[in-house]
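Asks: Per UniProt numbering, the very first residue in the sequence shown carries number 1; after that it's consecutive. Every residue, glycine too, gets a C-beta built ideally from N, C-alpha and C. A quick note: this is a predicted structure, and the numbers were derived from the prediction, not measured. Input: one structure, supplied below.
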Amino acid sequence: MHAITIPQPGGPEALVWSKVEDPVPGEGEVLVEVAATAVNRADLLQRQGNYAPPPGASPYPGLECSGTVAALGPGVAGWAVGDEVCALLAGGGYAEKVVVPVGQLLPIPRGLGLVAAAALPEVAATVWSNLFMVAHLHPGETVLLHGGASGIGTMAIQLAKAVGAKVVVTAGSDKKLARCKELGADVLVNYREQDFVEQVREATGGHGADVILDIMGAKYLSRNVEALALAGRLVIIGLQGGRTGELDLGVLLAKRAAVVATSLRPRPLAEKAAIVAAVREHVWPLIESGVVKPIIDRVLPLAEASQGHRALEAGEQVGKIVLQA
1 MHAITIPQPG GPEALVWSKV EDPVPGEGEV LVEVAATAVN RADLLQRQGN YAPPPGASPY
61 PGLECSGTVA ALGPGVAGWA VGDEVCALLA GGGYAEKVVV PVGQLLPIPR GLGLVAAAAL
121 PEVAATVWSN LFMVAHLHPG ETVLLHGGAS GIGTMAIQLA KAVGAKVVVT AGSDKKLARC
181 KELGADVLVN YREQDFVEQV REATGGHGAD VILDIMGAKY LSRNVEALAL AGRLVIIGLQ
241 GGRTGELDLG VLLAKRAAVV ATSLRPRPLA EKAAIVAAVR EHVWPLIESG VVKPIIDRVL
301 PLAEASQGHR ALEAGEQVGK IVLQA
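Here you go:
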């Protein structure tokens with residue numbers, strides 16, 4: 001088969017379309033013939049040499065895919081060769097075939113094609129696990145989403161609105177904020193021109209954000225805590241603004257607030273399977289009913305994955321960049 005390899009870490013040009021050995025499914029695994037995958041920021045980090053795949057995972061980038069079941073490993077039940085699926089991966093999506101633990105497979109939501117479905121597994125699993133399984137976002141609460149126009153952000157807006165939360169988003173342009181508003185965001189903050197702490201306080205009558213989903217890390221740490229409500233929950237899922245910051249624990253104590261940092265890729269198989277099962281139970285019905293939809297900025301050929309990396313690094317996109325095999 002062919003796959004995108006990284007012979008040497010570097011810029012987008014480091015991605016090389018190469019002929020490699022076909023993967024073989026083992027116990028509890030399924031071989032999927034890939035129809036499409038999507039670009040995630042973790043792929044950029046891996047390409048740069050800053051985010052190695054977990055032990056035992058495919059060396060190729062790609063944290064999600066859609067496609068057709070091509071073979072079943074020993075001990076697999078509930079799936080058949082020919083089934084159309086999408087999947088959460090620890091790696092290997094940038095390839096013509098990939099092996100997937102059976103607990104990370106999902107059916108294609110009714111009404112969606114294979115290409116659109118490739119944009120779902122990583123964002124759906126990330127958003128559902130963090131906003132609802134970790135932060136326990138409830139109806140009527142206020143959530144602040146940094147990077148509202150990103151793949152994570154566009155999914156988070158829709159899911160938060162679906163459960164009845166008030167949504168505040170940050171983005172770096174009025175064009176991106178307008179797209180967030182179309183998806184249901186209630187309060188729009190241009191972080192280049194406005195202070196998100198002040199905007200959150202104004203929008204909530206001084207209450208603050210009950211939940212914050214943060215991709216920035218150190219750069220926003222103190223201001224995020226400042227923006228939290230009493231008993232607020234800050235969930236950090238990215239470090240685009242650095243990894244080392246200062247935190248006034250007195251402020252955190254006074255607010256009886258929580259700061260949690262999570263990652264999805266290196267989790268044990270059982271934890272990923274539980275998240276995928278929750279996504280299938282809670283998110284898939286919303287997609288099939290049309291309440292939530294994948295937001296796709298563009299579709300590129302898989303062999304031209306470098307173009308997708310350049311676009312994501314430049315911050316050009318709204319939603320996901322899909323790579324079609």
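Can you tell me the Cα-Cα spacing of P294 and R256, whole angstroms?
Replies: Here the question's residue 294 lines up with position 294 in the sequence shown. Here the question's residue 256 lines up with position 256 in the sequence shown. Their backbone Cα atoms lie some 35 angstroms apart in a straight line.
Asks: Just to confirm before moving on: does the CB-CB distance between L131 and V123 stay below 8 angstroms?
Replies: For this step, residue 131 is matched to residue 131 along the sequence shown. For this step, residue 123 is matched to residue 123 along the sequence shown. In this structure, V123 does not lie closer than 8 angstroms to L131 by Cβ.
Asks: Tell me the start and end of each unbroken alpha helix (DSSP H) in the region 207-251 that is at least 4 residues and wholly inside, in chain order.
Replies: Fully enclosed alpha helix (DSSP H) runs of 4 or longer: 221-227.
Asks: Please state whether DSSP places V170 in a helix, a strand or coil.
Replies: Within the sequence shown, the letter at position 170 stands for residue 170. In the sequence on display, residue 170 carries Thr and not Val. Residue state, collapsed to three classes: strand.
Asks: Taking S18 as part of the alpha helix (DSSP H), name the residues at either end of that continuous run.
Replies: Numbered from 1 along the sequence shown, position 18 holds the residue referred to as residue 18. Taken as a continuous stretch (DSSP letters only), S18 belongs to no alpha helix (DSSP H), being part of the beta strand (DSSP E) at V16 to K19.
Asks: Could you check whether the Cβ of P109 sits closer than 7 angstroms to any heavy atom belonging to the ligand ZN?
Replies: Questions concerning the ligand ZN fall outside what the structure shown contains, since it holds no ligand whatsoever.
Asks: Going by DSSP, what residue range makes up the alpha helix (DSSP H) through A156?
Replies: Locating residue 156 in the sequence shown gives position 156, counting from the first residue. Looking at the DSSP string, the run of the alpha helix (DSSP H) that includes A156 is G151 to A162.
Asks: Consult DSSP for L120 and reduce its assignment to one of helix, strand or coil.
Replies: Residue 120 sits at position 120 when you count from the first residue of the sequence shown. In the structure shown, L120 sits in coil (DSSP, three-state: anything other than H, G, I, E or B).
Asks: Roughly how many angstroms separate the alpha carbons of A178 and G290, rounded to a whole number?
Replies: The residue given as residue 178 occupies position 178 in the sequence shown. The residue given as residue 290 occupies position 290 in the sequence shown. Distance between the alpha carbons of A178 and G290: 20 angstroms.
Asks: Would you please state the rounded distance, in angstroms, between the beta carbons of Y94 and A305? I believe it to be under 8 angstroms.
Replies: What you label residue 94 is simply residue 94 of the sequence shown in a count that begins at 1. What you label residue 305 is simply residue 305 of the sequence shown in a count that begins at 1. Indeed they touch by this definition, with Cβ atoms about 6 angstroms apart.
Asks: Rounded to whole angstroms, what's the CA-CA distance from L106 to P55? Just pull it up for me.
Replies: As a working note, residue 106 is residue 106 in the sequence shown. As a working note, residue 55 is residue 55 in the sequence shown. Using only the alpha carbons, I get a separation of about 23 angstroms.
Asks: In terms of DSSP beta bridges, what is C65 paired with?
Replies: Looking up residue 65 in the sequence shown gives position 65. Beta-bridge pairing links C65 to T37 and A87.
Asks: Just how far apart, CA to CA, sit H138 and A277?
Replies: Looking up residue 138 in the sequence shown gives position 138. Looking up residue 277 in the sequence shown gives position 277. Each residue's Cα considered, the two are about 20 angstroms apart.
Asks: With DSSP collapsed to three states, give me the class of V291.
Replies: Here residue 291 is taken as the residue at index 291 of the sequence shown, counted from 1. Three-state result, V291: coil.
Asks: Any chance you could list the alpha helix (DSSP H) runs of at least 4 consecutive residues sitting entirely within the region 249-319, in chain order?
Replies: Those alpha helix (DSSP H) runs which fall completely within the region 249-319 and span 4+ residues are 249-255, 269-282, 284-288 and 305-313.
Asks: Give the single residue among A77, I108 and A80 whose Cα lies nearest to the Cα of L88.
Replies: Start at 1 with the first residue of the sequence shown, and residue 88 comes out as number 88. That would be I108, whose Cα lies nearest to the Cα of L88.
Asks: Who does N190 pair with in a DSSP beta bridge?
Replies: As a working mapping, residue 190 is identified with position 190 in the sequence shown. A171, per the DSSP bridge assignment.
Asks: Confirm, please, whether the CB-CB distance from L63 to G28 is below 8 angstroms.
Replies: Locating residue 28 in the sequence shown gives position 28, where the first residue counts as 1. Locating residue 63 in the sequence shown gives position 63, where the first residue counts as 1. No, they are not a contact pair.
Asks: Mapping the DSSP letters down to three states, classify E202 as helix, strand or coil.
Replies: As a first step, residue 202 is located in the sequence shown; it is residue number 202 there, counting from the start. Three-state result, E202: helix.
Asks: Please name the residue, chosen from A116, G103, A70 and G49, that lies closest to L300 on a Cα-to-Cα basis.
Replies: By one-based count along the sequence shown, residue 300 stands at place 300. Taking only the C-alpha atoms, the option nearest L300 is A116.
Asks: Among E13, V24, S18 and L188, which residue has its Cα nearest to the Cα of V99?
Replies: Translated into the one-based positions of the sequence shown, residue 99 becomes position 99. Comparing Cα positions, the closest option is V24.
Asks: Go ahead and label V283 buried or exposed: buried means 16 or more other beta carbons lie within 10 angstroms of its beta carbon, across all protein chains shown.
Replies: For the purposes of this step, residue 283 is taken as the residue at position 283 of the sequence shown. Buried is the call here.
Asks: DSSP state of A70, grouped into three classes?
Replies: The residue you call residue 70 lines up with position 70 of the sequence shown. Looking at A70 - three-state DSSP - the assignment turns out to be strand.
Asks: So what does DSSP say about E13, is it helix, strand or coil?
Replies: In the sequence shown, the residue the question calls residue 13 occupies position 13. Reduced to three states, the DSSP call for E13 is helix.
Asks: Would you say G208 and A185 are within 8 angstroms of each other, going by their C-beta atoms?
Replies: Indexing the sequence shown from 1 puts residue 208 at position 208. Indexing the sequence shown from 1 puts residue 185 at position 185. Cβ atoms of G208 and A185: not closer than 8 angstroms.
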